[in-house]
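See below for the structure under consideration.
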Amino acid sequence: MEYCLTTKALCKRYKHDMALDHLSMHVPRGSIYGFVGKNGAGKTTLIRLICGLQKQTSGEYTLYGVRDTDKAIGKVRRRMGAIVEVPAIYPDMTAVENLKIQYRMLGLPSYEGIGELLELVGLADTGKKKAKHFSLGMRQRLGIAVALAGSPDFLILDEPINGLDPQGIIEIRELILKLNRERQITILISSHILDELSRLATHYGFIDKGRIVREISAQELEAACRKCVRIEVDRAGVLARVLHERKLAYQMLSETEAEIYADMSVTELVLMLAQEHCEVLSYREQDESLESYYVKLVGGAVYE
């Protein structure tokens, strides 16, 4: 697998605080990588390091295979666009003026493409309206447009939907999916809104206390969080035999409880067990969410 970003034993210390503690992660090229962790877990610190805004204490990272100590790293970073903490926009300027400033900073030869970029993020009709009069969602989309100046193929978004209303969240979600699917842009998103992140991400990295505790694909996560039925009976042996005969996937949790991973008729199962003189004591459906998976993984709420 080809990676856009990899880090190896990356550390960042602030006096007595270890913001990143031997962090190792892998962002596949073409993915939407959900970067999940509590406040203070190290997400923004990692983003600032790979954007070149800070230096690590130790360890290393690579962008498109180029190590951070290589002289070519600056050139490779031009393939990146980022929003770090807040969108980098000038409130007293229009959307076009903001993009012109960014084009000049990047040394681009002309302003060609600004109109297309504003069309892409849904801001083509803002005219002379200054950014300070934009809604929060519009400012976020302008920030993404600024980050896309220079046509990067790796986009980093730090809490892009934080504080947005439902309509703003939908607009940002659709934009992110469009950039990934139609323009093949790899996207790293840090977010607290796990339900929304689960609608976007193809891969996840869970960070806690400066360390990656698990990296997992969306398919692997779906399998780990698959729907199941937890059933308690008085004769587990009978239950296991019936499930085995029916070729249903299951796992015995104790001498009386099992989890069944299959769509099935509750009535039919209860009747089958009754014929074998096995009584169902309790029966409940479970559907683990990304948030509950995260809490199981690191403990505590993501908002702490």
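Counted the way the numbering used here counts, the sequence shown spans residues 1 to 304. Think of the CB as a built atom: it goes at the ideal place given N, C-alpha and C, for glycine as much as any other residue. Remember, it's a predicted structure, so these values are computed and weren't measured experimentally.
- Measuring C-alpha to C-alpha distances from SER151 to each of VAL76, PHE206, ARG139 identifies VAL76 as the nearest.
- Per the C-alpha coordinates, the member of ILE47, ARG230, MET252 positioned closest to ASP263 is ARG230.
- GLU285 and GLN54 have their alpha carbons spaced roughly 48 Å apart.
- ILE185 and GLU174 have their C-alpha atoms some 14 Å from each other.
- In this structure, DSSP gives HIS133 a helical state, which the three-state scheme calls helix.
- Assignment of beta-bridge partners to ASP208 by DSSP yields ARG211.
- Between SER24 and ALA9 a beta carbon distance of about 6 Å is seen, short of the 8 Å cut, so the two are scored as contacting.
- DSSP places GLU232 within a strand segment (E or B) once states are collapsed to three.
- Rounded to whole angstroms, the Cβ separation of VAL280 and LEU273 is 6 Å, and the two are in contact under 8 Å.
- For LEU179, the closest C-alpha among the options ILE156, LYS43, THR44 is that of ILE156.
- Spanning the alpha carbons of ALA258 and ALA88 requires a straight line of approximately 52 Å.
- GLN219 carries a helical assignment under DSSP once its states are collapsed to helix, strand and coil.
- When the beta-carbon positions are compared, ILE176 and ILE32 come within less than 8 Å of each other.
- GLN251 sits in a strand when the DSSP states are folded into three classes.
- For THR44, the closest of LEU188, GLY59, GLN167, ILE169 by C-alpha to C-alpha distance is LEU188.
- The region 93-113 makes contact with the region 124-139: 3 or more CB pairs, one atom from each, lie closer than 8 Å.
- Within 10 angstroms of the beta-carbon of LEU253 lie fewer than 16 other beta-carbons, which makes it exposed.
- Spanning the alpha carbons of ARG214 and ARG78 requires a straight line of approximately 29 Å.
- Annotation for ILE101: the continuous alpha helix (DSSP H) segment containing it runs 95-106.
- Segment contact: the region 10-22 against the region 205-214, three or more CB-CB distances shorter than 8 Å; contact assigned.
- 8 Å or more divides the Cβ of LEU106 from the Cβ of ALA145.
- DSSP places ARG13 in the uninterrupted beta strand (DSSP E) bounded by 3-14.
- DSSP places TYR283 inside the beta strand (DSSP E), whose first and last residues are 280-286.
- With 16 or more other Cβ atoms inside 10 Å of its own Cβ, ARG141 counts as buried.
- Annotated as distal: GLY59 and THR6, with beta-carbon spacing of 8 Å or more.
- Rounded to whole angstroms, the Cβ separation of ALA149 and GLN102 is 4 Å, and the two are in contact under 8 Å.
- Here ALA19 carries a strand assignment [DSSP, helix/strand/coil].
- Look at the beta carbons and you see the region 154-169 touching the region 188-203: at least three pairs across the two are nearer than 8 Å.
- Annotation: the continuous alpha helix (DSSP H) that includes TYR293 extends over 290-298.
- Cβ contact annotation for GLY143 (same chain, cutoff 7 Å, sequence separation greater than five): ILE83, PRO87, ALA88, ILE89, in chain order.
- Here GLY65 is exposed, its C-beta having fewer than 16 other C-beta atoms within 10 Å.
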